[in-house]
Every structure is written in structure tokens, then in C-alpha cells.
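Only one structure is covered here, and it is reproduced in the block below.
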Amino acid sequence: MKKIQISPSILSADFSQLGNEIKRLEDAGADMIHVDVMDGHFVPNLTIGPPVIKALRKYTNLIFDVHLMISPVHKYIEDFANAGSDIITIHPEATDNLSDSIKHIKSFKKKVGVSLNPNTEISIIETELKNIDLILVMSVYPGFGGQKFIPEVIEKIKSLKKIKEEKSYQYDIEVDGGINFTNSKDVINAGANILVSGTTIFKENNGNIKKNIETLKEV
Ligand code: DX5
Ligand code: ZN
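913 is the number that our numbering gives to position 111 of the sequence shown; each next residue is one higher, with no gaps.
Dropping the structure here:
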């Protein structure tokens, strides 16, 4: 089994202190930083864009795992690459040509993630699976932190793991939304190797983020 990594979502951080919050996550043992970018159109909420990512870049060398919930996404990829993203994850529904957008992300030497909403089938990205570094399995409908985990996605994680092994694909399997100390074990056992978490990391155990990161890694 691959080493389990935790990618805390700064959506639940104190937005007036984002630089310090990222340092705090690094000190607490975060493996990467999950940045949720929302446009009020692809999802019904608005967050941050490239200038904020650029400003945060100097606070850490941790991987910036940037989740773009914006449409149309293609024309903004360059800005997010230049702002200092390391992994750029897009939703297939947010681009006219997924293959072109994947190539575009790669042209900036960035890792490519593709995200599947709870109701998006694996089959719609099947031809691209060999070109993808990471699949972000949404376990809530994107837009807000603090939602309830949708258990049906466990089967999707298992299928992705099975396809990966059968075809010797290289993608990481990351899960995002409603992760807590119970379902974390279920998604790890199903085949996920990266867990995103906002609410659990920042709010459980009176905000002891070190303890929360460690607990999420336990199987
Ligand atoms: C949802 C975002 C997630 C989410 C994670 O649209 O992509 O990253 O905020 O937060 P929790 O762990 O609170 O569900
Ligand atoms: Zn996310």
C-alpha cells in the first residue's frame, strides 16, 4: 500500500491569517496544501484566485494541490500554473476538450488531476486515465466545506484502484469531502492514498491539527 498523505483544505482555515495557517499546517505534518478555487458559476460559492496562491507560495515549499471548480477552466490554467500550483486538478465538465486541457497543464510541467463528482462516471475519463497523475474523487457535491460524506463513492474508489492495478496506471487516488476519523479508514481500505480534509483537520480535538492529521492517517 502507498504511504497515506493528508492534504488539508484551507477552506476551513482562518482566511485573515492564511500565510500563518499554511505554516501551522506544515509544522503539524501536512503532506500538501489543498486549495479550493470556486467561481460562483461551476459551483455556487466563491473563494480565491491566482493572486492569493502567488502570495501564499512564499510561506511553504509544500506541494500546492489546487482544485479548480471553475468553468470554463482552460483559459485560466496558465495563471494557476504561474501562481505556483504544483498539482492542477480540473473537472471534466468544466472544459470543452479534456485531452487538450490535460496537455496544457502538462506543458507547464505541472501534475494533472481530474476530479469526479459523486454522479460522474469513471467511463467519461477512461481514455485519459493513462495521462493523469491524480484522480480526485469527490465524496460531496463541490461548493462548500462541512458537508456529509456520500458513502456510495467507496465503490468508485475500489473500481479506480482495480483499473489502476490491472492496467499498471500511475495515478494517485485522492478523496475530497466530508472525511472524518471513521470514513477515513473506509476510503483508505478502498484504495485512496491521499485524503483531503477541512472541517476535521481544523475543528476536531479543539483544533489540534497535528493530532488530526495523524489520526486521519491511521487505518
Ligand atoms: C468542497 C471542497 C472540499 C471541502 C473539504 O467543494 O472541494 O475540499 O471543502 O472540506 P470538508 O473536509 O469540510 O468537507
Ligand atoms: Zn477540494
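Even for Gly, the Cβ is constructed at its ideal location relative to N, Cα and C.
Values in this document were obtained by computation on a predicted structure and should not be read as measured data.
| Asked | Found |
| --- | --- |
| Val-837 and His-876 closer than 8 Å at C-beta | no |
| Which of helix, strand or coil DSSP assigns to Ile-937 | strand |
| Selected residue, minimal CA-CA separation from Ile-937, among Ile-890, Gly-980, Asn-1007, Gly-1000 | Ile-890 |
| Neighbour-count burial assignment, Phe-910, 16 or more Cβ in a 10 Å radius | exposed |
| Cβ-based neighbour list, Lys-960, same chain, cut-off 7 Å, excluding 5 preceding and 5 following | Ala-992, Gly-993 |
| Three-state secondary structure assigned by DSSP to His-869 | strand |
| With 16 other Cβ atoms within 10 Å as the buried cut-off, status of Phe-997 | Reading off the sequence shown, one finds Leu at residue 997, where the question assumed Phe. With 16 or more other Cβ atoms within 10 Å, it is buried. |
| Complete runs of the beta strand (DSSP E) confined to the segment 895-934 [at least 3 residues] | 913-918 |
| beta-carbon Val-998 near ligand 2 non-hydrogen atom, thresh 7 Å | yes |
| Coarse secondary structure for Ile-890, derived from DSSP in three states | strand |
| Val-914 versus Ser-999 - alpha carbon distance | 20 Å |
| Nearest-angstrom Cα separation, counted from Glu-895 out to Lys-825 | 34 Å |
| Residues near Ile-872 by beta carbon distance below 8 Å, same chain, minus five either side | Val-839, Met-840, Asp-841, His-843, Phe-844, Tyr-878, Ala-896 |
| Rounded distance between the beta-carbons of Asn-982 and Phe-951, thought under 8 Å | 7 Å |
| Glu-976 in three-state terms, based on DSSP | strand |
| Rounded straight-line distance, which links the Cα of Ala-883 to that of Leu-813 | 20 Å |
| Ile-808 and Lys-963 closer than 8 Å at C-beta | no |
| Straight-line Cα distance separating Val-854 from His-1022 | The structure shown does not extend to residue 1022, since the chain spans only 803 to 1021, so no value can be given for it. |
| Where Ser-747 sits in the DSSP three-state scheme | With the chain running from 803 to 1021 in the structure shown, residue 747 is simply not present. |
| Own chain partners of Thr-862 with C-beta closer than 6 Å, once the 5 adjacent residues on each side are dropped | Ile-824, Glu-828 |
| Paired residues, beta bridge with Val-837 - DSSP | Val-868 |
| Nearest neighbour of Met-834, chosen from Gly-851, Arg-859, Pro-852 [CA to CA] | Arg-859 |
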